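**Student:** In the numbering used here, the protein residues as written are 357 to 1044.
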Amino acid sequence: MKKAIIISLFFVFSGAAGADIIFFNNGDEINAKILKIEKGAVYADLEGTPGEYALRDILKVQLIKEYLPPAGYNPLEAPEIKELLSSPPKTSDYPDGAYLTRLAETVIDVEKDKSYKVTTRKIRYALKEKGKEYAGNAKIFYFPEFQKADIEYALSVLDKKTNHLNDVSVQTGSEFSSWPEYNVLRSRKFSVPNIKVNSVIEFKYSLKSRDNPLMPFYETSFFRNFEPVSRTVLRVNVPENLVLRYKESNLGEKFSFKKNLQNGIASYIWEAENLAPYSSENQMPPYALFAPQVSLSLGESWAETAATFKKELEGRISVSPGIKKQVEELVKGKNTDLEKAEAVFNWVAAAVTLAPVPMNYVSFAPKASDRIFELKSGNFLDKPFLLYVMLREAGLKPSFAYVADKTSALFQEELPNVSQFSAAQVVIEAAGKKLVLIPLDDKQRYNQVPPEYQGAWALEVLGPGPGSVYRNPELSSAEEATLKEETVKMNASGGIEGTIVLKPYGNGQRDWRSLKDSKEKEIKNYFERYAHGIHPNARLEKYGIENLNDINADLSVKIGYRVPDYALNLSDKYLIFKFPDIKFSAHNVGQEKRELPVFFMRKDKNSRVTELRLPPGYVLYYAPPKTELKFLGNLYSAEYSVKGEKLILKEELSMEETLIKPEDYPGHKSFMEKVAAFTDNWLVLKKK
357 MKKAIIISLF
367 FVFSGAAGAD
377 IIFFNNGDEI
387 NAKILKIEKG
397 AVYADLEGTP
407 GEYALRDILK
417 VQLIKEYLPP
427 AGYNPLEAPE
437 IKELLSSPPK
447 TSDYPDGAYL
457 TRLAETVIDV
467 EKDKSYKVTT
477 RKIRYALKEK
487 GKEYAGNAKI
497 FYFPEFQKAD
507 IEYALSVLDK
517 KTNHLNDVSV
527 QTGSEFSSWP
537 EYNVLRSRKF
547 SVPNIKVNSV
557 IEFKYSLKSR
567 DNPLMPFYET
577 SFFRNFEPVS
587 RTVLRVNVPE
597 NLVLRYKESN
607 LGEKFSFKKN
617 LQNGIASYIW
627 EAENLAPYSS
637 ENQMPPYALF
647 APQVSLSLGE
657 SWAETAATFK
667 KELEGRISVS
677 PGIKKQVEEL
687 VKGKNTDLEK
697 AEAVFNWVAA
707 AVTLAPVPMN
717 YVSFAPKASD
727 RIFELKSGNF
737 LDKPFLLYVM
747 LREAGLKPSF
757 AYVADKTSAL
767 FQEELPNVSQ
777 FSAAQVVIEA
787 AGKKLVLIPL
797 DDKQRYNQVP
807 PEYQGAWALE
817 VLGPGPGSVY
827 RNPELSSAEE
837 ATLKEETVKM
847 NASGGIEGTI
857 VLKPYGNGQR
867 DWRSLKDSKE
877 KEIKNYFERY
887 AHGIHPNARL
897 EKYGIENLND
907 INADLSVKIG
917 YRVPDYALNL
927 SDKYLIFKFP
937 DIKFSAHNVG
947 QEKRELPVFF
957 MRKDKNSRVT
967 ELRLPPGYVL
977 YYAPPKTELK
987 FLGNLYSAEY
997 SVKGEKLILK
1007 EELSMEETLI
1017 KPEDYPGHKS
1027 FMEKVAAFTD
1037 NWLVLKKK
């Protein structure tokens, strides 16, 4: 049987070039090119030396395909490779680079029927040890139902010796195998073998796609990354009968553009040279928000997009007896729309498991609502769709919209295309407010919009205004605030005992609720770390989270701690200390200047009132004066006061700006440094 399998494999793969593997019964194995299998033997070529091996000694053979350049193409004669081999780049010229991309070329060919092919070719040079690990890696995502991913060729060259990629270094996989209902996206990834420092790497791969109206053509090409690029080219070829819409973002003066028209084909060409790598900066925006890029789409309107999917969605609204019964139970005794909406939201958030698969990785058309209800699981489209159907059944008038994650891509309003969206949301009017409902999990309340969807763009598909594009509101800093109330008692030896009550709002609550699935020991360890953050010698005395498991109510956090000898005792006359748990850091503004903006996911506010009971016989000798700081919309205020035997601190840091431009960074840096300096001040008590 083994011999039959071997011969069968040979006939299937005999046309492929390769360095094959022969596995022997004794455990040995050799790499050789198998020439033929006949007369009870395997004939092979071992780098020019012929070999003959008896089938009775062989366990199996593995025939390896190599990804070779097309006939007539000699990589050693390619101008870019000849240049790299004859005049290698100096690492001193690229101190921040692990590898150099000599050429990054993307060609997109669109056909009259809207099918298209995206071909990517890259030539790289490994500058450093780190570079050899990444310079030959690539990954292609595709939908097998209507797309095909091909590796055309891949190779490395060192000392004029060429090594080709083979299928041992190629892996085809499923991206979401843990979620079978959403396991649609596939990938092919490869790693070019035998790359060393000073190797030249070239590879070329392509993605072919049929036209799919439910997942239309939309491409974004990025031109600059965290490694140096010598030359980058994007060429888009489109028949005259199609309208190509494009949007340039973050392109600088190094970029050139031209358009040609020849034989009924319009060619759009973008090109740039000598692009320096980005450096990692604290609190930098997500890559897709700042990188130079061109987004491409074929002509359509938002109204047409909404109309296409309105029909798809309406056909999937199915209210089963189970849904009816569940909704009746949820709204029983609820008198207002807000109460009904909260009850239904909480049930969907908790009872339906989130499959963490964006809809642009599966489909923009959801499962039927009764199927989602039956499965009790749904992705970023299906879970909100079930919420929409259940709210309608509860007598409300919700609208349903697709929404774009603001951190994953720049939204291009000028390019109407459903492929820009990755999730869905439900919007209702209740209690005089417009509420955006995105039921991710049972850790968020109905009025807590996840940060990635605050200020994000949305397209209404079902509702009074289908086809309208709008931006979600951002929660105010007050809605995202954390309020801290603290009482501290200090004794004559400088020891303190304190109790902190935290009242987080907005997504701060969601962060705390992430502890609900933790073990008690893990929760205690978390609070012990919190106490040690107040002082290295702090001891946790008590802790607790009220309403941790009750998504219907806001939660509050209580922490009790004790620190012996917290204050320095000077000559038994003065107690010197820094106010407990007040530290704001300037760590993230350590660099003098930056290229990219400072990015915050959401607005934020931290307010506190702390009362410190003075030790018997002591009075306040020194505290820093009241301070008020402002930069752009960000505010900080702090003031110490004495009331009877209590030293009171009132402090508030309000961060209203979510994006600070590089030109405004010096002002932001100064603001944060002054905040940190104030919180680092010493206070002095004096014995009467």
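We treat Cβ as the ideally placed atom computed from N, Cα and C, and that holds for glycine. Predicted, not measured: the structure shown is a model, and the values here were computed from it.
Taking the C-alpha atoms as reference points, what is the distance between residue 1090 and residue 1024?
**Tutor:** Since the first residue of the chain shown is 357 and the last is 1044, residue 1090 is not available in this structure.
**Student:** Are there 16 or more other CB atoms within 10 angstroms of the CB of residue 767, so buried, or fewer, so exposed?
**Tutor:** buried
**Student:** Since residue 578 sits in a beta bridge, which residues does DSSP pair it with?
**Tutor:** 649
**Student:** Are there any heavy atoms of the ligand GDP lying less than 7 Å away from the beta-carbon of residue 536, as far as the coordinates show?
**Tutor:** Among the components modelled here there is no ligand, and therefore nothing to report on the ligand GDP.
**Student:** Roughly how many angstroms lie between the CA atoms of residue 585 and residue 450, to the nearest whole one?
**Tutor:** 10 Å
**Student:** With DSSP as the reference, please indicate the residues paired to residue 749 in a beta bridge.
**Tutor:** Residue 749 pairs with nothing; no bridge assigned.
**Student:** Among 825, 1036 and 832, which residue has its Cα nearest to the Cα of residue 941?
**Tutor:** 1036
**Student:** The beta strand (DSSP E) that contains residue 776, what's its start and end?
**Tutor:** Here residue 776 belongs to no beta strand (DSSP E), and DSSP marks it neither H nor E.
**Student:** Across the stretch 672-688 and the stretch 758-774, are there enough close Cβ pairs to call them in contact, namely three or more that are closer than 8 Å?
**Tutor:** no
**Student:** Mark residue 958 as exposed unless 16 or more other C-beta atoms lie within 10 angstroms of its C-beta, in which case mark it buried.
**Tutor:** buried
**Student:** Would you call the stretch 538-547 and the stretch 489-507 in contact, with 3 or more CB pairs under 8 Å?
**Tutor:** yes
**Student:** Using the C-alpha atoms, what's the distance from residue 763 back to residue 641?
**Tutor:** Rounded to the nearest whole angstrom, the C-alpha separation of residue 641 and residue 763 is 8 Å.
**Student:** Please classify residue 799: is it buried, with 16 or more other beta-carbons within 10 angstroms of its beta-carbon, or exposed?
**Tutor:** buried
**Student:** Straight-line CA distance for residue 1011 to residue 466?
**Tutor:** 46 Å
**Student:** If we ignore side chains and look at the alpha-carbon of each, how far apart do residue 988 and residue 954 end up?
**Tutor:** 13 Å
**Student:** In the DSSP assignment, what residue or residues form a beta bridge with residue 933?
**Tutor:** 1039
**Student:** Within the continuous alpha helix (DSSP H) that includes residue 665, where are the two ends?
**Tutor:** 658-670
**Student:** Since residue 464 sits in a beta bridge, which residues does DSSP pair it with?
**Tutor:** 474 and 592
**Student:** Roughly how many angstroms lie between the CA atoms of residue 472 and residue 574, to the nearest whole one?
**Tutor:** 11 Å
**Student:** At the 8 Å Cβ level, is residue 615 part of the contact set with chain B, yes or no?
**Tutor:** You won't find chain B in this structure, because it holds only one protein chain.
**Student:** Could you give the uninterrupted runs of the beta strand (DSSP E) lying entirely in the stretch 990-1019, keeping only those of 3 residues or more?
**Tutor:** 990-999 and 1002-1011
**Student:** Beta-carbon separation of residue 556 and residue 512 under 8 Å?
**Tutor:** Closer than 8 Å, so yes.
**Student:** Quick one: grab the DSSP three-state call for residue 812.
**Tutor:** coil
**Student:** Considering only the beta carbon of each residue, do residue 966 and residue 844 sit closer than 8 Å?
**Tutor:** The answer is yes: Cβ separation under 8 Å.
**Student:** List the residues that DSSP assigns as beta-bridge partners of residue 557.
**Tutor:** 480 and 512
**Student:** According to DSSP, simplified to helix, strand and coil, what is residue 865?
**Tutor:** helix
**Student:** Please classify residue 885 as buried or exposed, where buried requires at least 16 other C-beta atoms within 10 Å of its C-beta.
**Tutor:** exposed
**Student:** For residue 943, count neighbouring C-beta atoms within 10 Å of its own C-beta (all shown protein chains included) and say buried if the count is 16 or more, exposed if not.
**Tutor:** exposed
**Student:** Examine the Cβ distances between the stretch 412-428 and the stretch 442-459 and report whether three or more of them are shorter than 8 Å.
**Tutor:** no
**Student:** Quick check on the DSSP output: the alpha helix (DSSP H) that includes residue 435 runs from which residue to which?
**Tutor:** 435-442
**Student:** Does residue 888 come out as helix, strand or coil in the three-state DSSP assignment?
**Tutor:** helix
**Student:** I need the straight-line Cα distance from residue 693 to residue 630, nearest angstrom please.
**Tutor:** C-alpha separation (whole angstroms): 59 Å.
**Student:** With a CB to CB cut of under 8 Å and the five nearest residues on each side skipped, what residues in its chain are close to residue 531?
**Tutor:** 497, 539, 541, 542, 543 and 717
**Student:** Touch check for the stretch 1017-1034 and the stretch 900-912: three-plus C-beta pairs under 8 Å?
**Tutor:** no
**Student:** Who are residue 388's beta bridge partners in DSSP?
**Tutor:** 376
**Student:** How would you label residue 755, buried or exposed, when you count the other beta carbons within 10 angstroms and need 16 or more for buried?
**Tutor:** buried
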